[in-house]
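See below for the structure under consideration.
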Amino acid sequence: MEFNLNQPHDLIFRATLSDQRRADAILRAHLQPWLADLLADEPPVPLDGTFVDEELRSSQSDKLLQVTLRSGQPAFVYALLEHKSYSDPGTALQLWKYKARIWEAYARGEADRLRALPAIVPLVFYHGRQPWTAPQSIAAMVSAQDERLQALEPTFGYFLRDLGHIPVERLAADPAARAGLLVLRYSHRGEEAVDEKLAALPEILAVLPDESDFERQVVV
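What the sequence shown shows, in my numbering, is residues 203 to 422, in sequence order.
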């Protein structure tokens, strides 16, 4: 199996979310409480593939997770990692394109499916040095002065999780999931975070998989 060593963030992110137990721990730690309460007890199912535009794959990674709600209905959580060192003002627009692709892939043009599309929850992880300042919905990007025009645009865009500003113990309950997010957390931070990196190193090393385990978890 060949790995693209030019995209280590992609490998770490996808490997972490490709394990059902770790993915479940991350969703329950990072979704809004009311959303996490809607999830059934069964863990999410990681799906293969990517919806990120070809030209953005050096700066974005994604993982689609199928979840079951307590109502029995299916839904999706679309996890996107922005691994630029700054916030991208086009993220909300990109996410709406990705959501359309997911729905098209799900429906396959079938009328019954098109009439009952599953909900898609976009969850953006960011680990850049600068605070995230990008608009978080399409409505926030539209410059229409008339409120009635602005109301035509979707007001909900995505949930943002800035890994650099979340206490370590709240990253995830599962040690391996927390270690994966810790690696991402410190990847853009330099000398100012040396002590934090050293403190986190034992926790990261303790859960490193062996080669066979890593190959089972990563979908390239």
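For every residue, glycine included, the Cβ atom is placed at its ideal position computed from N, Cα and C. None of the values given here were measured: they were computed from a predicted structure.
Fill in: CB-CB length for Arg387 against Leu365, believed under 8 Å
Indeed they touch by this definition, with Cβ atoms about 4 Å apart.
Discussion item. If contact is defined by three or more beta carbon pairs under 8 Å, each pair taking one atom from either stretch, is the stretch 271-285 in contact with the stretch 234-241?
Written reply: The stretch 234-241, when compared against the stretch 271-285, does touch it at the 8 Å Cβ threshold.
Worksheet item: Arg315 by DSSP, collapsed to three states: which one?
Response: Annotated three-state conformation of Arg315 is helix, per DSSP.
Worksheet entry | Given Val247 as reference, the closest of Pro235, Leu282, Ile368, Ser220 once Cα atoms are compared | Cα-wise, what sits closest to Val247 is Ser220.
Worksheet item: Does the beta carbon of Leu258 fall short of 8 Å from some heavy atom of the ligand ADP?
Response: Ligands are entirely absent from the displayed structure, and the ligand ADP is therefore not among its contents.
Worksheet entry | Buried versus exposed call for Arg317 [16 or more other C-beta atoms within 10 Å across all chains shown] | When all chains shown are included, Arg317 counts as exposed.
Discussion item. Please report the straight-line C-alpha distance between Val323 and Gln332, rounded to a whole angstrom.
Written reply: Approximately 25 Å between the Cα atoms of the pair.
Discussion item. When you compare the CB positions of Leu282 and Leu267, do they come within less than 9 Å of one another, or not?
Written reply: It is not a contact, given that the beta carbons lie outside the stated cut-off.
Discussion item. I'd like to know whether the C-beta atoms of Lys301 and Tyr328 end up nearer to each other than 9 Å.
Written reply: Cβ atoms of Lys301 and Tyr328: not closer than 9 Å.
Practice prompt. Using DSSP bridges, identify the partner residues of Thr270.
Written response: Pro276, per the DSSP bridge assignment.
Item to complete: Assign Pro248 to one of three DSSP states: helix, strand, or coil.
Response: Reduced to three states, the DSSP call for Pro248 is strand.
Worksheet item: Less than 9 Å separating the beta-carbons of Lys265 and Arg303?
Response: No. Outside cutoff.
Worksheet item: How would you call Leu384, buried or exposed, if buried means at least 16 neighbouring beta carbons within 10 angstroms?
Response: In the assembly as shown, Leu384 is a buried residue. Its beta-carbon has 16 or more other beta-carbons within 10 Å.
Worksheet item: Of all the options Thr357, Ser345, Arg350, Gln347, which has the alpha carbon lying nearest to the alpha carbon of Ser339?
Response: Per the Cα distances, Thr357.
Worksheet item: What is the DSSP secondary structure of Val326, counted as helix, strand or coil?
Response: Three-state DSSP puts Val326 in a strand.
Item to complete: Label Pro245 either buried or exposed according to how many other C-beta atoms from any shown protein chain fall within 10 Å of its C-beta, with 16 as the threshold for buried.
Response: Counting other Cβ atoms within 10 Å of its Cβ, Pro245 reaches 16 or more and is therefore classed as buried.
Worksheet item: Which value, in whole angstroms, describes the spacing of the CA atoms of Leu213 and Ser289?
Response: If you take the alpha carbons of Leu213 and Ser289, they lie about 21 Å apart.
Worksheet item: If you draw a straight line from the alpha carbon of Ala309 to that of Glu371, how long is it in whole angstroms?
Response: Cα-Cα distance, rounded: 39 Å.
Worksheet item: Can you list, in chain order, the residues of its chain whose CB lies under 6 Å from that of Arg315, leaving out five sequence neighbours each side?
Response: Closer than 6 Å at Cβ, skipping near neighbours: Ala309.
Worksheet item: Applying the criterion that 16 or more other CB atoms from any shown protein chain within 10 Å of the CB defines a buried residue, is Arg350 buried or exposed?
Response: Per the 10 Å Cβ criterion, exposed.
Worksheet item: Per DSSP, Leu362 forms a beta bridge with which residues?
Response: As DSSP reads the structure, Leu362 sits in a beta bridge with Val326.
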